[in-house]
């Protein structure tokens, strides 16, 4: 029971003065009210083993931070003399990394505390080191505890780490102490388990179809190219030749699958085009959980830009693994576009310096001219409700990370018109619309009950909404349809999660002028989805914004081939594309020749599509031939 | 002397009783979770939520009997996962106070906020004292607290009503309830006038 007392508000004994004050103050009066449901902290299960070894990333403060922020903006601004004057990773380190002396000093300090320094990144902004929980406690003044909250178990520091005085002046924070923000793959098929087992009838396929013209659900990259007007780019000879696609992923895969996929399509590719880079700084080598994600990432991006080389950075899905995977790719500075189809709710990073460290890594990408693309999530407007399902907990408007970072291109999802076969009949989705499971509501409710709809299809859709952790970037300013965060966003969980009673786990700020996402959206609905060749078997009915991120990767790689290299941009890189994309939209809208195609019907479970930017489908879907003209 | 002491004691008791009447016992707050009564009805995605002060609170604790003079604050938590028009209406029952039939509850205010109370979606009607109250809102996806407070007019006093999503225009059942509530208030007012 809550603690507030009626007497605190004395509603029944108002004097004329207090009554007047209440009306004058208007909305101010209720500010005095207490929280009605107590906020519940994660349940502390006690101190984690002091001997547990973890690998951590110490982020160093960029030198000339203000100049770095300015350069991030100016290299992407066509009006700036710095436009596309990108830096190499060595130049980045020289200008913005810490000095070698400072780095050596920090490394020596860590070693003096008993840690093992395993890597100093080329940026001179990240040091990878390994040590025990006991050493962390002794050095950073915090103990690692085991916790559970809302059905999830994780480890986290009990208090904020305190940076030792010897290194505090040059340090941002330590990433990898917690395990709460464990990225998830955003590749999946339609809900087809438990009570819904056998409900979705997957497209029957003997092999990956060779030609375009396949029904939705069995699409290949050729169908995508036809839909979004990519073929004129191929016709002018663009294949991605001379470029390198980068994939940041957290699971291993089998190269044989992806070569077989391209072979089935008749694509001419270099048989040695792929280089796998195993990133192994963390607690164990990369695993196979999510192997289908890596497989489709490579198939899709490489299939759309068959002339490009590929580097696949595979990190472990633990601790600082995601951060180190991105950082490794940018240190190498060998890829021209980089994408990831993994993520987790941005609020899972609350209190975790990893978010700030990754933000600095994305700044590095921006000034090196490498677009970074991330899937915007597959849970519609309610990103967190894949982790904490409704109605065990309330719905909460949340967005996914790293797509929420304004230096990352957020890849959203649409649904194409389709008639999907199900156990009890077909379901017709007649429009191109933001991907959202609500069009399945009638069918699922009729045959399985509303409860099953809530647990299976409510958290299904193209991720999109308003970040409450990243401010709105300048490229979204003044754009009709961009929104502030919604009010009344609390994650209220009931007895099935708490074990008894109700608890309020999160209260998100209302009216925050945050980064809106996605930026653009392409077909991602499993019902109108794709074929994946995985484990030697071709299977249709795959979807997720996991497809959109690598598709954009391959297609931006094609477009970057159309950028003429210069002395100040010798690799002919595109750089962070959002400022130019939004500028093109502000100039052209959806007029003929615009790179963007409007999505005006439907929603992503909450945010509605419309004739302007919207957090369901962003700027819309894309005409890539027109986008080439806008970006090259 | 004893007589004076008895008089003083009686006066003190009377004073305490009088002060007690001015500051009636304060009920512990009750928090109710509004559960969609049309859950699992095929094709129905909005609901009617029963709003009453009888039964168990959010944690299954029985709401204790309320007596005349008690004040209360009742919270109703509502979770909406889409934009909705919401209509809300509650009315007091009638209860006997001695020989008189009086409204069981006098409402003195209500407010709709988020769970922290920091965002207000409907004003507090501090000067509103009535035996039936209602409002319409358009709400976005979110978790809300509808807070209602008042005074029990007679032993056995309670209230009931509905929260509906939608209609923006009251459905016949809601309208009937509203009309019945208004009719009851009118009858009570007429009876009081006759008695006076």
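Residue numbers (the numbering used here), protein chains in the order written: chain A, 2 to 633; chain B, 952 to 1147. Glycine residues also receive a C-beta, built at the ideal position from the N, C-alpha and C atoms.
Distance between residue j and residue i (C-alpha atoms, nearest Å)
{"i": "residue 7/A", "j": "residue 1023/B", "result": "Because the pLDDT at residue 7/A is just 27, under 50, the model does not fix this residue reliably, and the point stays unresolved."}
{"i": "residue 356/A", "j": "residue 509/A", "result": "17 Å"}
{"i": "residue 373/A", "j": "residue 363/A", "result": "7 Å"}
{"i": "residue 127/A", "j": "residue 121/A", "result": "6 Å"}
{"i": "residue 179/A", "j": "residue 214/A", "result": "47 Å"}
{"i": "residue 99/A", "j": "residue 1099/B", "result": "59 Å"}
{"i": "residue 71/A", "j": "residue 78/A", "result": "11 Å"}
{"i": "residue 48/A", "j": "residue 389/A", "result": "25 Å"}
{"i": "residue 1105/B", "j": "residue 1055/B", "result": "5 Å"}
{"i": "residue 305/A", "j": "residue 265/A", "result": "14 Å"}
{"i": "residue 440/A", "j": "residue 567/A", "result": "49 Å"}
{"i": "residue 199/A", "j": "residue 193/A", "result": "6 Å"}
{"i": "residue 444/A", "j": "residue 423/A", "result": "9 Å"}
{"i": "residue 279/A", "j": "residue 551/A", "result": "19 Å"}
{"i": "residue 643/A", "j": "residue 425/A", "result": "Residue 643/A lies beyond the stretch modelled for chain A, which goes from 2 to 633, so this question has no answer here."}
{"i": "residue 124/A", "j": "residue 331/A", "result": "8 Å"}
{"i": "residue 322/A", "j": "residue 1060/B", "result": "54 Å"}
{"i": "residue 638/A", "j": "residue 986/B", "result": "Because chain A here runs from 2 to 633, residue 638/A falls outside it and cannot be looked at."}
{"i": "residue 352/A", "j": "residue 161/A", "result": "7 Å"}
{"i": "residue 1053/B", "j": "residue 1017/B", "result": "15 Å"}
{"i": "residue 531/A", "j": "residue 471/A", "result": "32 Å"}
{"i": "residue 40/A", "j": "residue 493/A", "result": "9 Å"}
Reference residue i, options the options, closest by Cα
{"i": "residue 379/A", "options": "95/A, 546/A, 172/A", "result": "546/A"}
{"i": "residue 1089/B", "options": "1098/B, 1068/B, 1063/B", "result": "1063/B"}
{"i": "residue 254/A", "options": "242/A, 558/A, 290/A", "result": "290/A"}
{"i": "residue 615/A", "options": "542/A, 472/A, 414/A", "result": "414/A"}
{"i": "residue 1114/B", "options": "1030/B, 1017/B, 1008/B, 1010/B", "result": "1030/B"}
{"i": "residue 302/A", "options": "612/A, 394/A, 632/A, 553/A", "result": "553/A"}
{"i": "residue 59/A", "options": "300/A, 165/A, 470/A", "result": "165/A"}
{"i": "residue 309/A", "options": "244/A, 425/A, 42/A", "result": "244/A"}
{"i": "residue 63/A", "options": "93/A, 54/A, 41/A, 133/A", "result": "93/A"}
{"i": "residue 69/A", "options": "360/A, 228/A, 461/A", "result": "360/A"}
{"i": "residue 637/A", "options": "274/A, 446/A, 252/A", "result": "As displayed, chain A neither begins before 2 nor continues past 633, which places residue 637/A out of reach and without an answer."}
{"i": "residue 341/A", "options": "315/A, 349/A, 351/A", "result": "315/A"}
{"i": "residue 1045/B", "options": "1035/B, 1108/B, 1037/B", "result": "1108/B"}
{"i": "residue 287/A", "options": "256/A, 41/A, 112/A, 250/A", "result": "250/A"}
{"i": "residue 238/A", "options": "592/A, 561/A, 574/A", "result": "561/A"}
Beta-carbon proximity check, residue i vs residue j, cutoff 7 Å
{"i": "residue 1066/B", "j": "residue 569/A", "result": "no"}
{"i": "residue 151/A", "j": "residue 506/A", "result": "yes"}
{"i": "residue 577/A", "j": "residue 367/A", "result": "yes"}
{"i": "residue 627/A", "j": "residue 590/A", "result": "no"}
{"i": "residue 1015/B", "j": "residue 1058/B", "result": "no"}
{"i": "residue 171/A", "j": "residue 103/A", "result": "yes"}
{"i": "residue 983/B", "j": "residue 1009/B", "result": "yes"}
{"i": "residue 462/A", "j": "residue 437/A", "result": "yes"}
{"i": "residue 489/A", "j": "residue 998/B", "result": "no"}
{"i": "residue 618/A", "j": "residue 631/A", "result": "no"}
{"i": "residue 277/A", "j": "residue 313/A", "result": "yes"}
{"i": "residue 204/A", "j": "residue 542/A", "result": "yes"}
{"i": "residue 534/A", "j": "residue 236/A", "result": "no"}
{"i": "residue 116/A", "j": "residue 132/A", "result": "yes"}
{"i": "residue 584/A", "j": "residue 596/A", "result": "no"}
{"i": "residue 229/A", "j": "residue 623/A", "result": "yes"}
{"i": "residue 400/A", "j": "residue 384/A", "result": "yes"}
For residue i, the residue or residues it bridges with in DSSP
{"i": "residue 430/A", "result": "419/A"}
{"i": "residue 983/B", "result": "1027/B"}
{"i": "residue 311/A", "result": "246/A, 275/A"}
{"i": "residue 186/A", "result": "343/A"}
{"i": "residue 651/A", "result": "Since the first residue shown for chain A is 2 and the last is 633, residue 651/A is missing from the structure and cannot be characterised."}
{"i": "residue 448/A", "result": "The partner list for residue 448/A (beta bridge, DSSP) is empty, contrary to what the question assumes."}
{"i": "residue 195/A", "result": "In DSSP, residue 195/A forms no bridge with anything."}
{"i": "residue 531/A", "result": "220/A, 543/A"}
Integer-rounded CB distance, given that residue j should sit under 8 Å from residue i
{"i": "residue 549/A", "j": "residue 432/A", "result": "In fact, because the Cβ distance is near 18 Å, the residues do not count as touching under 8 Å."}
{"i": "residue 485/A", "j": "residue 513/A", "result": "6 Å"}
{"i": "residue 1027/B", "j": "residue 1005/B", "result": "Actually they do not touch by this definition, with Cβ atoms about 13 Å apart."}
{"i": "residue 375/A", "j": "residue 403/A", "result": "5 Å"}
{"i": "residue 607/A", "j": "residue 1033/B", "result": "7 Å"}
{"i": "residue 526/A", "j": "residue 416/A", "result": "4 Å"}
{"i": "residue 275/A", "j": "residue 336/A", "result": "Contact doesn't hold; Cβ gap of about 12 Å is too wide."}
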